[in-house]
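I have placed the structure first, in the form of structure tokens, so that the comments after it can refer back to it.
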Amino acid sequence: GAGVSQSPSNKVTEKGKDVELRCDPISGHTALYWYRQSLGQGLEFLIYFQGNSAPDKSGLPSDRFSAERTGGSVSTLTIQRTQQEDSAVYLCASSLAISSTFPYEQYFGPGTRLTVT
Amino acid sequence: DAKTTQPTSMDCAEGRAANLPCNHSTISGNEYVYWYRQIHSQGPQYIIHGLKNNETNEMASLIITEDRKSSTLILPHATLRDTAVYYCIVRVYSSASKIIFGSGTRLSIRP
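Chains A and B, in that order, give the protein sequences. Each position in the first sequence, counted from 1, maps to that position plus 2 in my numbering. Each position in the second sequence, counted from 1, maps to that position plus 168 in my numbering.
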């Protein structure tokens, strides 16, 4: 079946511009996660959604970052007034659910490579 | 989160078994061990997970020591396509369920 998809695959933007990154999770997955990976670095958690609500936004690096999810499916990560340090690969993942007793495996998309010039 | 420690890099000959170790000495009794891998320029890929019993699937086997303080991921017949960074992760039971990735082991498969 179809996996997690993300668009665009690559985005080059000028410093100060706003960008929107999109994630389409696997059908039926209620949990959705955003991570980012800077060049040569590990993955950094940003935010996760259970349905349309985001109980954990602790990883968002600043108030320039926001995310929403509508209809329990597609999610958009928005970065306002982009800075060069925002350059990274932004990865989205989805899983069946969020459980207090079992951590379901997460399936990742291919990522969006963001370059801020 | 319980921390994991892995070797920075390893290499293995094509066709041989690749054994990737992971230490997680502070793991709690109900925390699972997960393995993911990330092939260059791709998103991480789930491989396998286990609690205390050894597990096997079509990709790999996971051997967890009886005291659960360490584990080994085994790729039985490594191919060049298995070249990747392999992450050993202990999943915390919380409402977040986010994955905390460490630095992983960079596995190189030589022809």
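Positions of the beta carbon are idealized from the N, C-alpha and C atoms, including for glycine. As the structure is a computational prediction, the values presented were derived from the model and not from experiment.
CB contact check: residue i to chain A, cutoff 8 Å
i, result
"residue 192 of chain B", "no"
"residue 263 of chain B", "Low confidence applies to residue 263 of chain B: its pLDDT is 41, below 50, so where it sits in the model is not reliable enough to give any reading."
Contact set between residue i and chain A, taken where Cβ atoms lie within less than 7 Å
i, result
"residue 271 of chain B", "44"
Status (buried if at least 16 other CB within 10 Å, exposed otherwise) for residue i
i, result
"residue 1 of chain A", "For residue 1 of chain A there is no data in the structure shown, the boundaries of chain A being 3 and 119."
"residue 41 of chain A", "exposed"
"residue 266 of chain B", "buried"
"residue 111 of chain A", "buried"
"residue 133 of chain A", "Any question about residue 133 of chain A goes unanswered here, given that chain A covers just 3 to 119."
"residue 118 of chain A", "buried"
"residue 206 of chain B", "buried"
"residue 86 of chain A", "exposed"
"residue 38 of chain A", "buried"
"residue 10 of chain A", "exposed"
"residue 93 of chain A", "buried"
"residue 248 of chain B", "exposed"
"residue 90 of chain A", "buried"
"residue 253 of chain B", "buried"
Spatial neighbours of residue i in its chain, beta-carbon cut-off 7 Å, leaving aside the 5 residues before and after
i, result
"residue 208 of chain B", "none"
"residue 31 of chain A", "96, 97, 98"
"residue 82 of chain A", "20, 66"
"residue 68 of chain A", "80"
"residue 88 of chain A", "81, 116, 118"
"residue 58 of chain A", "49, 50"
Beta carbon proximity, residue i to chain B, threshold 8 Å
i, result
"residue 51 of chain A", "no"
Neighbouring residues, chain B, relative to residue i (Cβ below 9 Å)
i, result
"residue 27 of chain A", "Ordered by position in chain B, no residue passes the 9 Å Cβ test against residue 27 of chain A, which lies about 13 Å from the chain."
"residue 93 of chain A", "211, 212"
Closer than 7 Å at the beta carbon, the chain B residues around residue i
i, result
"residue 109 of chain A", "214"
"residue 113 of chain A", "211"
Cβ neighbours of residue i in the same chain (closer than 8 Å, five flanking residues each side left out)
i, result
"residue 185 of chain B", "242, 243, 244, 245, 246"
"residue 264 of chain B", "Confidence in residue 264 of chain B is poor, its pLDDT being 49 and thus under 50, which makes the residue's placement unreliable; the coordinate value appears in the next sentence. No residues qualify anywhere along the chain."
"residue 218 of chain B", "200, 201, 230, 232, 239"
"residue 178 of chain B", "186, 188, 273, 274, 275, 276"
Within chain A, the residues that residue i reaches when beta carbons sit closer than 8 Å
i, result
"residue 266 of chain B", "35, 47, 50, 58, 61"
6 Å CB neighbourhood of residue i in its chain, flanking five on each side removed
i, result
"residue 189 of chain B", "240"
"residue 255 of chain B", "204, 269, 272"
When you check each C-beta in the stretch 212-234 of chain B against every C-beta of chain A, which residues fall closer than 8 Å? 212, 213, 214, 217
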